[in-house]
Amino acid sequence: MAVAVVGLLVWSGLFTVVMFRPGPYPWLCAGDTAVVVVLCLAHGRLVPAEVLEASAGSGWIDMVAGTGVFIAQFTLRQPWAMAAALAIAAAHAMGTGLREASVVLVLQGLLAAAVAVLLRHGACRADLALSEEASARASARARSAARTDELDQQRLLHDTVLATLTMVGTGSITRDSAALPERAAADLAVIEDLRAHPGVARTGAHDPAPLDVALRTAVLTHRVGLPSLDIEFDVPPLDLPHQVVEALSQGIAEALANVAQHANTRAARVSGRRLGQGATVEVRDSGAGFDPAAVPPTGAACGNRSTAGCVPWAAAPEWFRPPAPAPGSC
Numbered sequence: 443m444a445v446a447v448v449g450l451l452v453w454s455g456l457f458t459v460v461m462f463r464p465g466p467y468p469w470l471c472a473g474d475t476a477v478v479v480v481l482c483l484a485h486g487r488l489v490p491a492e493v494l495e496a497s498a499g500s501g502w503i504d505m506v507a508g509t510g511v512f513i514a515q516f517t518l519r520q521p522w523a524m525a526a527a528l529a530i531a532a533a534h535a536m537g538t539g540l541r542e543a544s545v546v547l548v549l550q551g552l553l554a555a556a557v558a559v560l561l562r563h564g565a566c567r568a569d570l571a572l573s574e575e576a577s578a579r580a581s582a583r584a585r586s587a588a589r590t591d592e593l594d595q596q597r598l599l600h601d602t603v604l605a606t607l608t609m610v611g612t613g614s615i616t617r618d619s620a621a622l623p624e625r626a627a628a629d630l631a632v633i634e635d636l637r638a639h640p641g642v643a644r645t646g647a648h649d650p651a652p653l654d655v656a657l658r659t660a661v662l663t664h665r666v667g668l669p670s671l672d673i674e675f676d677v678p679p680l681d682l683p684h685q686v687v688e689a690l691s692q693g694i695a696e697a698l699a700n701v702a703q704h705a706n707t708r709a710a711r712v713s714g715r716r717l718g719q720g721a722t723v724e725v726r727d728s729g730a731g732f733d734p735a736a737v738p739p740t741g742a743a744c745g746n747r748s749t750a751g752c753v754p755w756a757a758a759p760e761w762f763r764p765p766a767p768a769p770g771s772c
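Using our numbering, count along the sequence shown one by one with no gaps and you end on 772.
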């Protein structure tokens with residue numbers, strides 16, 4: 443029994459350390475279920491018969507089994523989570539005989555699974571609500587920018603063309619005045635500039651925008667024709683220029699599409715943090731990955747790193763720094 447207890451303590455320490463690190467670890471949860479199943483099968487040998495009868499389902503292996511059932515429900519996806527709970531309950535029944543404790547393990551698995559489903563459903567609804575609110579704010583900002591641009595154009599016309607026409611109409615400037623051609627040329631330049639660049643005064647490219655909301659929208663967007671992903675989202679509230687936020691969200695959406703199509707895994711993690719005046723965003727998956735140097739240069743496609751160079755960062759070059767190549771699928 444001492445060997446089993448020491449082994450369980452070592453495994454518990456390893457499990458705790460790894461779980462505190464970012465990233466999905468389905469193999470760790472499967473290993474924890476296997477450890478619990480082995481202990482349940484050896485229950486009759488590890489605990490004396492008289493102690494087993496007196497414990498009535500409250501022994502140390504019973505508590506380990508219950509903990510394993512709860513961990514499986516909150517770390518694995520269905521139906522694998524419930525399959526792990528049934529495997530633990532079956533091993534418990536085989537190790538000590540069919541007792542009420544084995545039935546309790548099944549009930550615990552059902553209740554924990556229901557709680558996990560409700561929590562995940564609530565989290566999805568909250569994410570969708572945040573995404574809809576962000577879209578509504580973006581639409582309101584767009585309408586406000588359009589109205590502001592319209593007022594700005596009207597002000598420019600009032601201060602230039604209409605002012606010149608008013609002075610001509612009142613006789614302040616006559617047709618023989620030397621200032622009239624210069625004023626007319628300046629007014630014509632204003633009209634041509636407004637026609638060529640109707641929104642140049644209010645592009646909003648450098649206005650702050652919430653990066654976390656844009657990335658959450660990219661994560662929740664359904665990728666047509668691709669399998670769904672189990673994405674862990676860890677991006678704190680960050681505000682960056684609108685143009686930078688748009689480019690980053692498009693890059694993350696493309697990276698997630700690559701994971702769904704090529705990584706041969708359904709688990710991914712999107713994390714971000716502030717880095718000086720900018721931010722760094724990382725997409726990590728548990729796939730096999732590939733060597734970027736082994737990809738032949740075809741010139742027919744533009745990857746995420748080279749796409750970053752297509753964005754005009756001249757006004758704020760420190761906002762984006764392409765990461766160094768690393769193993770992984772994105």
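We put the CB at the ideal spot given by N, CA and C, even for glycine.
Here the structure is a predicted model, which means the values were calculated and not measured.
Classify residue i as buried or exposed, calling it buried when 16 or more other Cβ atoms lie within 10 Å of its own Cβ.
{"i": "arginine 658", "result": "buried"}
{"i": "glycine 430", "result": "This structure gives no information on residue 430, because the portion of the chain shown stretches from 443 to 772."}
{"i": "asparagine 706", "result": "exposed"}
{"i": "leucine 690", "result": "buried"}
{"i": "alanine 565", "result": "exposed"}
{"i": "isoleucine 436", "result": "With the chain covering 443 to 772 only, the question about residue 436 has no answer from this structure."}
{"i": "glycine 551", "result": "buried"}
{"i": "threonine 538", "result": "buried"}
{"i": "proline 521", "result": "exposed"}
{"i": "proline 466", "result": "buried"}
{"i": "threonine 517", "result": "buried"}
{"i": "glycine 718", "result": "exposed"}
{"i": "glycine 612", "result": "Checking the displayed sequence, the identity of residue 612 turns out to be threonine instead of glycine. Flag for threonine 612 reads exposed."}
{"i": "leucine 593", "result": "exposed"}
{"i": "leucine 630", "result": "exposed"}
{"i": "valine 452", "result": "exposed"}
{"i": "aspartate 672", "result": "exposed"}
{"i": "threonine 432", "result": "For the chain, the structure presents residues 443 to 772; residue 432 sits outside this window and is missing."}
{"i": "histidine 664", "result": "exposed"}
{"i": "glycine 508", "result": "buried"}
With DSSP as the reference, label residue i as helix, strand or coil.
{"i": "aspartate 727", "result": "strand"}
{"i": "threonine 590", "result": "helix"}
{"i": "glycine 720", "result": "strand"}
{"i": "serine 454", "result": "helix"}
Just confirm the distance between the C-beta atoms of residue i and residue j, as a whole number of angstroms; I'd bet it's less than 8 Å.
{"i": "leucine 483", "j": "methionine 443", "result": "Between methionine 443 and leucine 483 the Cβ distance is about 14 Å, and since that is not below 8 Å, they are no contact."}
{"i": "isoleucine 503", "j": "leucine 481", "result": "5 Å"}
{"i": "proline 679", "j": "proline 650", "result": "Not really, about 11 Å apart at Cβ, beyond 8 Å."}
{"i": "leucine 698", "j": "valine 661", "result": "7 Å"}
{"i": "aspartate 676", "j": "proline 464", "result": "7 Å"}
{"i": "valine 723", "j": "glycine 729", "result": "18 Å between Cβ atoms; not a contact."}
{"i": "alanine 576", "j": "proline 652", "result": "7 Å"}
{"i": "glycine 501", "j": "valine 489", "result": "6 Å"}
{"i": "leucine 636", "j": "glutamine 685", "result": "Not quite, the Cβ-Cβ distance comes to about 22 Å (not below 8 Å), so this is no contact."}
{"i": "valine 506", "j": "valine 548", "result": "Contact flag wrong, Cβ pair sits at about 16 Å."}
{"i": "leucine 622", "j": "isoleucine 615", "result": "5 Å"}
{"i": "alanine 555", "j": "alanine 523", "result": "6 Å"}
{"i": "valine 701", "j": "valine 712", "result": "No, valine 701 and valine 712 are not in contact; Cβ-Cβ is about 10 Å, not under 8 Å."}
Along the beta strand (DSSP E) that carries residue i, what are the first and last residues, could you check?
{"i": "arginine 711", "result": "709 to 717"}
Between which two residues does the alpha helix (DSSP H) carrying residue i extend?
{"i": "alanine 628", "result": "621 to 638"}
{"i": "aspartate 654", "result": "653 to 662"}
Any heavy atom of the ligand NAP closer than 6 Å to the Cβ of residue i?
{"i": "glutamate 575", "result": "Although the ligand NAP was asked about, the structure shown includes no ligands whatsoever."}
Could one say the Cβ of residue i lies closer than 7 Å to chain D's Cβ atoms, at least one of them?
{"i": "glycine 729", "result": "Of the protein chains in the structure, only one exists, and it is not chain D."}
Ignoring anything shorter than 4 residues or poking outside the segment 461 to 527, list the alpha helix (DSSP H) runs there in chain order.
Within the segment 461 to 527, the complete alpha helix (DSSP H) runs of at least 4 residues are 468 to 483, 485 to 488, 491 to 497, 502 to 517.
Start-end ranges of the beta strand (DSSP E) lying completely within the segment 664 to 704, minimum 3 residues:
You should have 672 to 676, 681 to 683.
What are the complete alpha helix (DSSP H) segments, minimum 4 residues, inside the segment 519 to 574?
522 to 538
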